[in-house]
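Residue numbers 1 to 713, in UniProt numbering, belong to the letters of the sequence shown in order.
Positions of the beta carbon are idealized from the N, C-alpha and C atoms, including for glycine.
What you are looking at is a predicted structure, and each value in this text was computed from that prediction instead of being measured.
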Amino acid sequence: MVVELQLGASYKVATAKKSSNGFWTRPIEFFRRMTTFGHPANTAAGAGDQSFGVITPPFNNPTSNGNSNGFPQTATAEAGGVSNKHRSVKDLRRRGIPWILGACAAVIILLTILLSYFLYKDFYSTTHNNNSLADSCGSKSHSQKHGREDWPPLDPRTSLVRFSKAAVVSDNGLCSEIGRTILLRGGNAVDAGIATVACIGALNSHSSGLGGGFLMTIYNRFYGKCTTLDAREVAPQSVNSTTFDANPKDSYKGYKSIAVPGELHGYWTAYKRYGSGRIAWQDLLMPTVHLLTNGYPTTKLMEYNLQVRQEEIMAEPSMRNFFVNNQTNELYKEGEVIKNPQLAETFRKLAVSPDPVRHFYGGELGKQISDEIGESEGYVTKRDMELYRTVVDESPLVNDHFTGSEKNPLAVCGAKPSSGFAVTQLILAVMSKFYPIGSDSEIPYKSVEFYHRFIETQKFAFAQRTLLGDPKFVKDANAIAENMTKQEFIDSIYHKIKHNSLNFEEYGGDFTKASEHHGTSHVSVVDADGNAVSLTSSINNVFGAAVRSERLGIVWNNQMDDFSIKGSLNFFQFEPSEANYIAPGKRPMSSMSPMIVYNKNTKQVKASVGASGGSKINSALAQVLLQTMSFNHTIKEAIDMPRLHNQYTPYKTEFEKEIPPFILDGLRHRHQNLTQMIFPFATVQAIVRNDESGMLEANSDHRRSIYMYPTGY
């Protein structure tokens with residue numbers, strides 16, 4: 001109280017003096033009013049009163065006496081003293097009570113709202129958690145109750161690798177390194193693709209090589225245009241549709257099963273027409289010569305395939321003499337070093353030749369090849385070798401009808417028949433109508449409907465495959481393939497897919513013979529200029545015809561088994577197709593589907609992708625691309641995902657054992673005929689550009705046990 005009285009006294013002194021300098025008069029009064037919020041007791045009338053006074057709001061004060069500053073004035077005895085004080089108290093109470101009541105009501109309303117919110121939130125959270133617990137602990141018959149936890153984790157044997165400028169991915173890491181070196185030296189995607197696949201054919205002789213053929217899709221970023229090369233094997237001039245009727249097994253193994261190889265012709269054609277011109281021809285082949293001369297390790301897959309065909313290899317001297325390790329007297333095992341001096345010399349001659357095609361198909365090597373095959377009662381002659389030509393198509397199949405890509409339109413390109421690209425793109429296009437680009441990324445992990453639609457789409461697509469064949473011999477093959485890329489046809493398939501599986505005859509098409517080509521390899525390349533190559537090479541089955549040229553070191557193809565033979569199932573029990581009957585100079589129908597996805601507006605490559613593994617190539621590529629395009633999965637997530645395959649005939653769906661039981665149960669309820677896969681699934685090699693970062697993301701399929709890893713920079 002002493003402070004209050006002293007302040008009041010000081011205030012009176014200051015007021016009495018009426019200092020000419022009013023600088024501190026009002027501030028002191030303001031400070032006092034803000035401190036006491038009211039009038040002090042009248043010091044003249046009640047000096048002994050220790051009260052601070054009454055609480056007075058600083059507006060509309062009846063004791064202000066008209067003071068213009070709006071602050072209340074000190075009560076005095078002359079102004080009414082104690083009586084004014086009591087009136088002020090009553091008046092203030094009367095005026096203040098409504099404000100207090102209003103404030104209290106507002107606080108009560110606010111507290112009620114907050115309490116209601118928290119009670120509702122707690123109730124919803126409890127209910128939601130209970131429902132989630134019931135979903136996880138209860139029946140899982142409905143797909144929406146499942147998710148990623150039901151699926152196997154990503155395979156640790158392969159990695160997602162990112163590159164900023166260029167990338168190479170193939171079936172052998174050593175060969176991918178050769179491709180990378182070519183790119184670093186200024187070569188383009190075509191140069192790197194040739195160097196890489198030549199190496200693969202030498203080191204993975206069970207899958208591809210000079211004794212086989214390939215399909216190549218090239219994308220030129222500058223023109224935004226695709227070109228395809230068909231360097232597949234062709235039937236000799238001396239065979240026809242009845243040649244193997246008496247003994248169909250002759251089309252599967254031995255010298256009679258050999259078709260005219262196209263591999264080397266395709267290399268040279270691609271190099272001369274689409275190479276960079278900055279890399280010498282010999283520089284593409286000589287790295288392979290060094291590996292063959294110095295030796296290379298046996299892969300796990302090579303060891304496995306040697307065991308698969310052990311009986312035939314041991315029965316054939318040309319195979320036994322090479323694939324049996326002289327130090328162990330057993331077939332080569334993983335990690336053991338193989339040297340191939342005969343094949344090294346063949347590659348060296350081709351590398352230094354000014355015209356390797358003439359040398360291989362009409363010169364010294366050509367004569368050796370035709371003589372060797374002829375001496376063993378095979379059908380390939382010197383004339384067949386001289387007639388061989390690579391088919392170059394600058395107007396290949398292109399499909400840009402992908403739902404959801406209207407703002408950034410994507411197109412996918414690949415070869416016409418005898419390629420299987422028409423089948424792959426049809427599966428992809430129909431499924432994109434169900435699941436447009438940008439769909440929920442969790443759908444493939446929880447939806448039975450997704451896999452049912454995928455199986456049904458495959459049936460329709462493979463039914464169309466039965467109508468395809470070499471366009472030179474099958475009149476409507478190109479027209480049918482073109483129609484399979486049209487929006488109207490895609491829509492018609494889309495509308496035919498129902499909740500349950502249909503009857504066999506409702507899918508259309510003819511019987512098909514879709515061979516299991518396990519003797520295939522794939523290479524994908526994207527260079528620093530944005531050009532791309534997708535290349536799949538094959539000798540058909542594992543180790544092809546199971547015969548090897550002891551003079552040249554070449555393992556020969558058995559592509560005659562890729563044709564259909566009247567009234568006879570092939571080695572894998574598939575029905576024949578009239579469009580694929582044998583004819584002189586004809587190319588057999590293939591599942592190989594090297595393809596490139598690009599943005600039509602920016603001309604930038606979205607993906608270079610392909611696979612090896614027979615008829616399962618088409619379903620594997622469609623599933624992988626669908627996951628990256630529609631669901632925005634990484635390429636490793638897409639490749640590692642377990643797969644399903646249905647090729648119309650036989651009328652069954654094969655599945656990998658990692659498919660969760662709830663998916664299989666749901667499919668059986670929709671009348672799908674399921675069987676666990678016996679042969680390994682197709683092996684996908686892919687490079688995909690990340691739309692956000694612009695980086696190239698590459699991955700090799702863990703399903704092929706080879707030393708594989710992407711390279712680039």
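With distances taken between CB atoms, is the gap from residue i to residue j smaller than 8 Å?
i       : j       : result
Val-605 : Leu-621 : no
Gly-275 : Asn-188 : yes
Ser-590 : Ser-419 : yes
His-146 : Phe-543 : no
Arg-157 : His-702 : yes
Leu-160 : Ile-635 : yes
Thr-181 : Ile-706 : no
Lys-367 : Lys-349 : no
Pro-594 : Thr-269 : no
Ala-246 : Leu-343 : no
Glu-658 : Phe-681 : no
Tyr-451 : Ile-663 : yes
Ile-200 : Cys-175 : yes
Lys-416 : Ile-490 : no
Ala-351 : Met-286 : yes
Phe-460 : Ala-429 : no
Asn-632 : Ser-441 : yes
Phe-347 : Gly-266 : no
Identify the residues that DSSP records as bridge partners of residue i: which are they?
i           : result
Leu-654     : Residue 654 is actually Glu in this sequence, not Leu. Partner(s): His-645, Thr-675.
Phe-214     : Ala-231, Ser-537
Tyr-296     : Ile-338
Asn-483     : Answer is none; Asn-483 lacks a bridge partner.
Gly-712     : Ala-167
Lys-225     : Asn-220
Thr-520     : Ser-538
residue 715 : Nothing can be reported for residue 715, as the shown portion of the chain is limited to 1 through 713.
Ile-194     : DSSP output for Ile-194 lists no bridge partner at all.
Val-526     : Ala-167, Ala-532
Arg-162     : Glu-697
DSSP state of residue i, grouped into three classes?
i       : result
Arg-157 : coil
Arg-668 : helix
Met-589 : coil
Gln-685 : strand
Leu-696 : strand
Val-289 : helix
Ala-189 : helix
Ser-257 : helix
Arg-551 : coil
Asn-321 : helix
Gln-623 : helix
Ala-103 : helix
Leu-502 : coil
Glu-263 : helix
Tyr-252 : coil
Comparing alpha-carbon positions, which option in the options lies nearest residue i?
i           : options                            : result
Arg-221     : Lys-600, Gly-179, Asn-294          : Lys-600
Gln-458     : Leu-426, Lys-472, Glu-330          : Leu-426
Phe-360     : Asp-384, Tyr-379, Glu-303          : Asp-384
Gly-211     : Ser-577, Asp-155, Thr-520          : Thr-520
Ser-208     : Gly-553, Glu-654, Met-695          : Gly-553
Pro-471     : Val-391, Phe-489, His-522          : Val-391
residue 725 : Val-624, Pro-444, Trp-151, Asn-540 : The first residue shown for the chain is 1 and the last is 713, placing residue 725 beyond what the model contains.
Asn-478     : Ile-490, Asp-491, Gln-464          : Gln-464
Ser-538     : Ser-318, Leu-264, Leu-428          : Leu-264
Glu-505     : Asp-665, Thr-649, Lys-249, Pro-287 : Thr-649
Tyr-507     : Tyr-267, Met-708, Gln-647          : Gln-647
Ser-439     : Phe-462, Ser-405, Phe-679, Glu-177 : Ser-405
Gly-374     : Pro-236, Arg-668, Arg-273          : Pro-236
Lys-256     : Arg-273, Ala-545, Asn-618          : Ala-545
Leu-183     : Thr-243, Ala-166, Ser-241, Arg-587 : Ala-166
Arg-704     : Ser-170, Ala-103, Arg-148, Asp-191 : Ser-170
Ile-279     : Thr-228, Arg-185, Lys-339, Ile-313 : Arg-185
Leu-467     : Asp-155, Asn-321, Ser-564, Pro-409 : Ser-564
Tyr-445     : Pro-153, Ile-369, Thr-242          : Pro-153
Leu-292     : Glu-312, Gln-327, Tyr-252, Lys-339 : Lys-339
Secondary structure, beta strand (DSSP E): runs of 3+ residues fully inside the stretch 329-386: Not a single unbroken stretch of the beta strand (DSSP E) spanning 3 or more residues falls wholly within the stretch 329-386.
Entirely enclosed alpha helix (DSSP H) segments - the stretch 384-466, minimum 4 residues: Secondary structure within the stretch 384-466: the alpha helix (DSSP H) runs of 4 or more consecutive residues, fully enclosed, are 421-434, 443-446, 448-465 (chain order).
Entirely enclosed beta strand (DSSP E) segments - the stretch 576-621, minimum 3 residues: The stretch 576-621 contains these whole beta strand (DSSP E) runs: 595-599, 605-612.
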